[in-house]
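K.L.:
Counting in our numbering, the sequence shown runs from 1420 upward without gaps.
The structure that follows is given in the form of structure tokens.
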Amino acid sequence: MKFREDINALRAIAVIAVVIFHFNHAWLSGGFAGVDVFFVISGFLMTMIIVKGLERENFSIIAFYKARVRRIIPALAFLCFALMVLGCFLLSPIDYLNMGKHTSASLTFTSNFVYWKESNYFDASSIEKWLLHTWSLSVEWQFYLLYPVVLVVLNKFLNLKQLKLLLVAATILAVLLSIYVTSNTSRAAYFLLPTRAWQMLAGGLVFLYPIALGPKAKSFGLTFGLGLIVLSFFLFSAETPWPGYAALLPIIGACLVLVSNNGESVLVDNRVCHLIGKWSYSIYLWHWPIIVAGFYFSLGENWWVIGLPLSVFLGALSFKFIESKTLADYGLNKGRYLLKPLPAASILAVFSLVVFQTNGLLNRLAEPERTLIASAIAAKEDWSYPEANKIIGPLKVRLISGKTDKNILILGSSHAEQLYPYVKSLDSDYNVYFLTNGGCLATPSMKHPKWNCDNLQKYQLLLDNVKFDKIVTTFFNFDVYLSDNDTKRQQQFATRTKEYDIFLSNLKAASKEIYLILGEPRGEEFNPPAAIRHGLKDFMTEEDTRKTYAIHQKALSHFTELDGINIIDPIEHLCSEGICRTSNHEQGFFYRDNNHMRPWYAVKSLTYLEDIFR
């Protein structure tokens, strides 16, 4: 195929958008849609390669796979190698083990599954994951594995016209699937191939149904298509359920650019697009680890001043010395087995897995540091809230059966769930119902836009079905999911305050005794990885931890339904003489992250709640 400036420009625009978005969401709120543009390009090119080969009757699946290996793996493997070498010396073992896990997943092109499984309320922040961006490479690779096999098999039974119609139908169904799954489980929709395949198939349809356009139509199609893409970068944000129907905008835009096949416009045929497009894959590979490095080593808010040009510079070097050549081309150890991309990547993937399985090569450290880090690793997985054991209508409830017909309801987020091991240890006479949703509050507007909070927010169904003698709820994450925009933030605060008053009123109508548990001590000093990474003290002052609840205190002063509600302040009980301890020598860290208690600590420390269950 003749080199197409428009495709190269699409790559440039896509990677520029993604990089800007990752460095600062506020600069380009929908820049993540650049990944979707990449998917369209991949679908177009892969369909062209496969279908042309089938028409000439010389298509080879093995040759196709080899070409993809040569194109994708060398630059990716070198990035992973560099990170693993540097990580061994610069990262704490708890961070290095995560790097090992994610490197192995990236090199085996399963990272989208790993990040999907990790994308829950207790997951580490995305900014701590050095290879998070490789999820998109995994999606593409999975498409590359399946797509040629499917087309080759179908080609044996269908003619080209029938095959094209079948792909049209498949694309439509895939779009509908993506819209449905996005509206129900958006995290799966974001990371997995079935809900992303339509974007690549859409690119394939552009090749299968070429349209001959005149100069004016080409110019209009290119300009309008680029306009749709750029519009999506500003119109959408991280709060937009994605991909779903919203992703149609950049996908249609990219398809219009491909249909127009106009490489002569100055919009696409210019020096910037030519270079950035050529380096786009390597820039994409390097930009995210550079961003993570800025966070990890606390390089400041202005790290982007260095990080942005550094991403382009390393991308250019990677293209020149790795992408555009194989190591064997240099004549150094030519033909040696280890210099071939696939075996080299496989060895690195195995080593990375060993790093993960050995807790970041923990045994290389001496005591007492090794014990401290082992405690931090154990803390991350230390959570004992079980699955629901009772279904009431559409609600999933965890029930601890008591010895009487009296009932207590505990409802809230994960901070309600952390009460479970303590309540379980009491062997109370009450039947204790837990109705929870991690990361959610019971009021409508207080939830992550991509999370389903129905199990908690439909609490009234449970109140209508069960008579509760006491109700306990937590007041922890009132300040989450607030906008960075001051005006919008104030509006959200006012809405939340009104909603929470209604919530409290509903609880008071359902039970005579209501308990509102405020937030526990929290802060990075409690977070095991952060405490080790930055050498933080084993305590936090009561004054500092109370400062983190400024919005909660403001909200409490605005509530009108607090009369008759028993308010419990955990900080009064968990801190002593102005100091809130984060760990001890015997059992290590008290928390699993910066705000959730480990089960043993909950059992030990929540005794101030005992009277509720007696």
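Just so it is clear, CB atoms sit at the ideal spot from N, CA and C, and this is done for glycine as well.
These numbers come from a predicted model, not from an experiment.
Alpha carbon to alpha carbon, how far is L1955 from G1726?
P.N.:
27 Å
K.L.:
Buried or exposed: where does S1972 fall if 16 or more other Cβ atoms within 10 Å of its Cβ makes it buried?
P.N.:
Position check: residue 1972 holds Gln in this sequence, whereas Ser was assumed. Counting Cβ neighbours within 10 Å, Q1972 comes out exposed, since fewer than 16 surround it.
K.L.:
Name the DSSP beta bridge partners of E1932, please?
P.N.:
K1889
K.L.:
Sort out for me which residues DSSP pairs L1830 with in a bridge.
P.N.:
L1854 and T1892
K.L.:
Reducing DSSP to helix, strand and coil, say where K1536 ends up.
P.N.:
helix
K.L.:
Since C1371 contacts P1948 with CB under 8 Å, what's their CB separation in whole angstroms?
P.N.:
With the chain represented from 1420 up to 2033, any question about residue 1371 goes unanswered, as that position is not in the structure.
K.L.:
Bridge partners of Y1968, per DSSP?
P.N.:
Per DSSP, none; premise fails for Y1968.
K.L.:
Could you check whether R1430 and S1538 sit closer than 7 Å to each other, using their CB atoms as the reference points?
P.N.:
no
K.L.:
Taking a contact to mean a Cβ-Cβ separation below 7 Å, would you say L1881 touches L1854 in this structure?
P.N.:
Inclusion of L1881 and L1854 in the CB contact set at 7 Å is warranted, their separation being smaller than that value.
K.L.:
With DSSP as the reference, label R1490 as helix, strand or coil.
P.N.:
The answer is helix: DSSP assigns R1490 an H, G or I state.
K.L.:
For the stretch 1484-1528, list the alpha helix (DSSP H) runs that are entirely contained and at least 4 residues long, ordered along the chain.
P.N.:
Runs found: 1512-1526.
K.L.:
Measure the C-alpha to C-alpha separation of W1707 and G1462 and round it to an integer number of angstroms.
P.N.:
Taking the straight line from one Cα to the other gives about 24 Å.
K.L.:
I believe C1692 touches A1428 by the beta-carbon criterion, under 8 Å. Please report the beta-carbon distance rounded to the nearest angstrom.
P.N.:
Contact check for C1692 and A1428: beta-carbon distance about 4 Å, within the 8 Å limit, so the pair qualifies.
K.L.:
Hey, how far is the Cα of D1472 from the Cα of V1434?
P.N.:
The question names Asp, but residue 1472 is Gly in the sequence shown. Between G1472 and V1434, the C-alpha separation is close to 30 Å.
K.L.:
Between the C-alpha atoms of K2023 and Y1841, what's the straight-line distance to the nearest angstrom?
P.N.:
8 Å
K.L.:
Could you name the residues of the same chain whose beta carbon sits closer than 6 Å to that of K1822, not counting the 5 residues immediately before and after it, in chain order?
P.N.:
Closer than 6 Å at the Cβ level, and outside the excluded window around K1822, lie D1848.
K.L.:
Using a Cβ-Cβ cut-off of 8 Å (strictly less than) and excluding sequence neighbours within five positions of S1864, which residues of its own chain qualify?
P.N.:
Q1911, T1914, R1915 and E1918
K.L.:
Going straight from the alpha carbon of E1476 to that of I1695, what length do you get?
P.N.:
36 Å
K.L.:
Looking at the structure shown, is M1465 part of a helix, part of a strand, or coil, going by DSSP?
P.N.:
Reduced to three states, the DSSP call for M1465 is helix.
K.L.:
Quick one: what's got a C-beta closer than 7 Å to V1488's C-beta in the same chain, skipping five residues either side?
P.N.:
P1760 and L1761
K.L.:
For my contact list, N1874 and N1856 are in at a C-beta cut-off of 8 Å; report their separation, rounded to the angstrom.
P.N.:
Indeed, because the Cβ distance is near 5 Å, the residues count as touching under 8 Å.
K.L.:
May I have the straight-line CA-CA distance separating G1672 from V1625, to the nearest angstrom?
P.N.:
It is roughly 12 Å from the alpha-carbon of G1672 to the alpha-carbon of V1625.
K.L.:
Start and end of the alpha helix (DSSP H) containing T1601?
P.N.:
Taken as a continuous stretch (DSSP letters only), the alpha helix (DSSP H) holding T1601 covers L1579 to N1603.
K.L.:
Enumerate in chain order the residues of its own chain whose CB-to-CB distance from I1827 is below 6 Å, with the five nearest sequence positions on each side excluded.
P.N.:
Cβ-Cβ distances below 6 Å link I1827 to Y1849, V1851 and K1889 in the same chain, with the five nearest sequence neighbours on each side left out; the list follows chain order.
K.L.:
Can you find the residues in the same chain that come closer than 8 Å, C-beta to C-beta, to G1640, ignoring five residues on each side of it along the sequence?
P.N.:
L1632, L1675, V1676, V1678, S1679 and N1681
K.L.:
Distance check for S1794 and Q2006, CA to CA, integer angstroms please.
P.N.:
8 Å
K.L.:
With distances taken between CB atoms, is the gap from S1701 to A1496 smaller than 7 Å?
P.N.:
no
K.L.:
Report the three-state DSSP secondary structure of M1619 (helix, strand or coil).
P.N.:
M1619 falls in the helix class under three-state DSSP.
K.L.:
Is it true that the CB of M1959 sits closer than 7 Å to the CB of Q1837?
P.N.:
no
K.L.:
Can you give me the C-alpha to C-alpha distance between A1861 and A1929, rounded to a whole angstrom?
P.N.:
If I take the Cα positions, the gap works out to 15 Å.
K.L.:
Could you pull out every residue in the same chain whose Cβ sits closer than 8 Å to the Cβ of F2008, ignoring the five residues on either side in sequence?
P.N.:
S1794, A1795, A1798, F1945, P1947, A1950, T2001, S2002 and R2017
K.L.:
In or out: A2021 buried (at least 16 other Cβ within 10 Å) or exposed?
P.N.:
buried
K.L.:
Would you check if the distance between the CB atom of W1549 and the CB atom of M1518 is smaller than 7 Å?
P.N.:
yes
K.L.:
With H, G and I counted as helix, E and B as strand and the rest as coil, what does DSSP make of T1777?
P.N.:
coil
K.L.:
Cutting at 6 Å between CB atoms, please list the residues of its own chain near R1755, excluding the five before and the five after it.
P.N.:
Because R1755 sits at a pLDDT of 48, beneath the cut-off of 50, its placement in the model cannot be relied upon, and the following sentence gives the value as read from the coordinates. Here the set comprises nothing.
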